[in-house]
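Here the structure comes first, spelled out in structure tokens, and everything after it is commentary.
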């Protein structure tokens, strides 16, 4: 039984660095987190009491956790749904035969070059309740005065819109690439057969984009669950109340600021199961439904 | 071949020389949370120390906000990544005491076989950071809250800038007058809103928790809502409803509103004074006054904020020696005076205070005296007025902020505070389970 004839060690030596890094920085801490989730840990880690599943039970019964879960789900749905919708719309526009198309294609990618934390600083300043320029603009136009430091819905929307905005460049970039791969003959054939541009888009282009869409849904899910941390930390710190304390931010607050490591570990186990099952489901459906070959 | 060997030997000798040099030089990492204009001032102070003796070096590392610094220290210690010296805000006092990770400040000179006169530090700071009569952390950057106001706005609204509001009713009245005159729309913002709640309790001799406000022993439950907190929250709600009070975020967020002239007044730490004056420049006249209060309730005192310095109990004797020299250096009048003049933090020693008096500094810059006078003139004889000490303080403040955000949106005082009280009582109980 020799999987790599003529190469006994080399293949394993080559993948060793990757496996080692993953083991040390991902697997070990993850196993530790699972282990810790069964303990009640004192604020300074000196006392550990085995409590079995008590941390998990408490989480399931905690109204704050449920609220955080629902907020996170709503946030993800909006970020993915609107984010991809807007990105596709802009990508279609940017790939039309218009003057300066190349400029637009590059310009739309800029937002992704910015780290979420920096984007957060900018958005927080633009919507600052006392000196924010957009707060003033919004009020002049609509008469509504937004104070995202006290208004839960306002803060949620602000964070959501900013998150969509950051990811927009990335999504547009992939959709532009995807759109350029859609063969023109097919579209032209559909148009010749009497389909309008709208119909041609839905029956030809959109299904042809499904691998891109599947991939983007996956990446955006991870983004919405984990990578928004930097922005949340800068803009709202989870507030007001706990309106923007999404699951990943709650783990940080509970584990480090509130010094409850055991509960935070239990939350990270939950979060892992959640994201793993969502990702698994997405991969399963996308491999079944996405059109990969023409 | 020969030349290569030469090169190698030279290299080896240089490395050895560098090695011995490096071993004589003791560098101590110092985690701090001095953000904004205070970073440069801190770096100047530390730089001055590093110039004295090349073998004794302090390496300042900015660890983010106070809250992050505390969390990072508590997380780093069990895995041996903690710095020997760390700056912790007053909120972390009880947590640091209970952590078992520090050498209490008063034991540091003893361990080095030296003596140190702790009597040289000014009273309010010593009282706040002492436990059973001994200092547990090293006095450094202490502050308290005060009222900042824009004197030009007062004049524009026909108000006398020499008569800033002393009570909350006056703040409210002045606010309506400023709005009526069209000077500003929002009048007052609170920096560190959670801290302002604590200040109001202490200012009116009201306890936060039991057991002499957590100073005799761990607090077991909060001592509010009371009729006093009803009055306080009702007033704040009414001010918010009239648009006089704007809840403008946490920590230093409201500063931008004040310095840009969209707010006339602000409750904020004295430590923002120099930053604010530098930002405002000649745009308007910044004046300061005591924190507003309710005259129908007893008088207490404002409480110490800011931060103090802690030493890890894993610090080696060599590190401890550097740290102690650094502490001595910080106590030098000229260093302390420099720190005070450039940040707004209190002078920490009596010698520095005398020098400032002799120079006529407080006549020259009365804003630097306001908060100090406020805390020196208040009561000092019980836990309520010195300030509470709570284990889960960081967490408790989250709930206080929620209550204040609620109050600013018109939630009834009792409802807002009952929710916070319930949550914080659970936290206190959990802490008791483990702190003993």
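Residue numbers (the numbering used here), protein chains in the order written: chain V, 10 to 303; chain L, -11 to 424.
Ideal Cβ placement from N, Cα and C applies to all residues, glycine included.
Quantities reported herein were computed from a predicted structural model and do not represent experimental measurements.
TODO: Report the three-state DSSP secondary structure of residue 82(L) (helix, strand or coil).
DONE: Three-state result, residue 82(L): helix.
Task: Collapsed DSSP secondary structure at residue 400(L) in the structure displayed - done: Residue 400(L) falls in the coil class under three-state DSSP.
Open item on the list: Restricting to runs no shorter than 4 residues, where is the alpha helix (DSSP H) found entirely within the stretch 274 to 318 of chain L?
Closed with: Considered as a whole, the stretch 274 to 318 of chain L harbours 305 to 318 as its complete alpha helix (DSSP H) runs of no fewer than 4 residues, in chain order.
Task: Under 7 Å between C-beta atoms of residue 26(L) and residue 331(L) - done: Yes.
Open item on the list: Can you look up residue 250(L) in the DSSP assignment and give me helix, strand or coil?
Closed with: Note: residue 250(L) maps to coil in three-state DSSP.
Open item on the list: I need the DSSP call for residue 19(L), collapsed to helix, strand or coil.
Closed with: Per DSSP, reduced to three states, the secondary structure at residue 19(L) is strand.
Task: Below-7 Å beta-carbon distance, residue 399(L) vs any chain V residue - done: Answer no: the Cβ-Cβ gap between residue 399(L) and chain V never drops below 7 Å.
TODO: Find out if the Cβ-Cβ distance for the pair residue 333(L), residue 37(L) is shorter than 7 Å.
DONE: Judged by their CB atoms, residue 333(L) and residue 37(L) are not nearer to each other than the 7 Å cut-off.
Open item on the list: Please state the DSSP three-state secondary structure of residue 57(V).
Closed with: In the structure shown, residue 57(V) sits in a strand (DSSP, three-state: E or B).
Task: Where residue 136(L) falls: helix, strand or coil (DSSP) - done: When secondary structure is reduced to three states using DSSP, residue 136(L) falls in the strand class.
TODO: Note down, one range per segment and in chain order, each beta strand (DSSP E) of at least 3 residues found wholly within the stretch 143 to 218 of chain L.
DONE: If only complete runs of 3 or more residues are kept, the stretch 143 to 218 of chain L shows the beta strand (DSSP E) at 176 to 178, in order along the chain.
Open item on the list: Can you check which of these residues, 140(L), 265(L), 408(L), is closest to residue 395(L) by C-alpha distance?
Closed with: If we check each option's Cα against that of residue 395(L), 408(L) comes out closest.
TODO: Grab the span of the alpha helix (DSSP H) containing residue 99(L) for me, first residue to last.
DONE: Taken as a continuous stretch (DSSP letters only), the alpha helix (DSSP H) holding residue 99(L) covers 95 to 99.
Open item on the list: Do residue 277(V) and residue 42(V) count as a contact pair if the criterion is CB distance below 7 Å?
Closed with: A contact, by the Cβ cut-off of 7 Å.
Task: Whole-angstrom distance between residue 210(L) and residue 188(L), CA atom to CA atom - done: So the two alpha carbons sit approximately 15 Å from each other.
TODO: Answer yes or no: do residue 190(L) and residue 375(L) have a C-beta to C-beta separation smaller than 7 Å?
DONE: Between residue 190(L) and residue 375(L), the CB-CB gap stays under 7 Å.
Open item on the list: Under 7 Å, CB to CB, which of the residues in the stretch 47 to 81 of chain V have a partner in chain L?
Closed with: Going along the stretch 47 to 81 of chain V in chain order, one finds 51, 52, 53, 54, 55, 56 with a Cβ nearer than 7 Å to chain L.
- [ ] With a threshold of 6 Å, establish whether the CB of residue 100(L) neighbours any heavy atom of the ligand COA.
- [x] Because no ligand of any kind appears in the structure shown, any question about the ligand COA cannot be addressed here.
Task: Residue environment, residue -11(L), which counts as buried when at least 16 other CB atoms sit within 10 Å - done: Because residue -11(L) sits at a pLDDT of 48, beneath the cut-off of 50, its placement in the model cannot be relied upon, and the point is left open.
Open item on the list: At the level of alpha carbons, what is the spacing between residue 301(L) and residue 308(L)?
Closed with: The alpha-carbon atoms of residue 301(L) and residue 308(L) are separated by roughly 10 Å.
Open item on the list: So, for residue 243(V): in the same chain, excluding its five sequence neighbours on each side, which residues have a beta-carbon less than 7 Å away from its beta-carbon?
Closed with: 126, 129, 130, 133.
Task: 7 Å Cβ cutoff, residue 140(V) in contact with chain L - done: For residue 140(V), the answer is yes, since a Cβ of chain L falls inside 7 Å of its Cβ.
Task: Among 36(V), 236(V), 267(V), 272(V), the one whose alpha carbon lies nearest that of residue 255(V) - done: Nearest to residue 255(V) by alpha-carbon distance, out of 36(V), 236(V), 267(V), 272(V), is 236(V).
TODO: Pull up the distance between the alpha-carbon of residue 72(L) and that of residue 34(L), whole angstroms please.
DONE: Between residue 72(L) and residue 34(L), the C-alpha separation is close to 15 Å.
Open item on the list: Does residue 60(L) pass the burial test, meaning 16 or more other C-beta atoms within 10 Å, or should it be called exposed?
Closed with: Burial of residue 60(L) is indicated by the presence of at least 16 other C-beta atoms within 10 angstroms of its C-beta.
Open item on the list: Can you give me the C-alpha to C-alpha distance between residue 291(L) and residue 124(L), rounded to a whole angstrom?
Closed with: Looking at the two C-alpha atoms, the distance is approximately 17 Å.
Task: Alpha-carbon spacing of residue 197(L) relative to residue 161(L), whole angstroms - done: Straight-line Cα distance between these residues: approximately 32 Å.
TODO: Say whether the stretch 116 to 132 of chain L touches the stretch 347 to 365 of chain L, bearing in mind that this needs 3 or more beta-carbon pairs closer than 8 Å, one atom from each stretch.
DONE: Taking one beta carbon from each stretch, the stretch 116 to 132 of chain L and the stretch 347 to 365 of chain L have 3 or more pairs nearer than 8 Å; the two touch.
Task: Residue environment, residue 303(V), which counts as buried when at least 16 other CB atoms sit within 10 Å - done: Any reading at residue 303(V) needs caution, since the residue's pLDDT is 47, under 50, leaving its predicted position unreliable; the model's value is listed next. Looking at its Cβ environment, which holds fewer than 16 other Cβ atoms inside 10 Å, residue 303(V) is exposed.
Task: Interfacial residues, the stretch 27 to 60 of chain L to chain V, with Cβ spacing under 7 Å - done: Listed by position, the residues of the stretch 27 to 60 of chain L near chain V (Cβ gap below 7 Å) are 55, 59.
TODO: Could you name the residues of the same chain whose beta carbon sits closer than 6 Å to that of residue 49(V), not counting the 5 residues immediately before and after it, in chain order?
DONE: Same-chain partners within the cutoff: 58, 60, 271.
Task: residue 16(V) classed as buried or exposed, judged by whether at least 16 other C-beta atoms fall within 10 angstroms - done: A residue is called buried once 16 or more other Cβ atoms fall within 10 Å of its Cβ, and residue 16(V), having fewer, is exposed.
Open item on the list: Would residue 280(L) and residue 81(L) qualify as a contact pair, given that the criterion is a beta-carbon distance under 7 Å?
Closed with: Not in contact: residue 280(L) and residue 81(L) (Cβ atoms no closer than 7 Å).
TODO: Could you check what DSSP says for residue 286(V) in three-state terms: helix, strand or coil?
DONE: Residue 286(V) falls in the helix class under three-state DSSP.
TODO: Kindly list the residues whose CB is nearer than 6 Å to the CB of residue 285(V), restricted to its own chain and excluding five residues on each side of it in sequence; keep chain order.
DONE: Around residue 285(V), the same chain offers no residue with a beta carbon nearer than 6 Å, after the five sequence neighbours per side are excluded.
Task: When 251(V), 220(V), 82(V), 206(V) are compared against residue 105(V), the one with the closest alpha-carbon - done: Out of 251(V), 220(V), 82(V), 206(V), the CA that lies nearest to the CA of residue 105(V) is found in 206(V).
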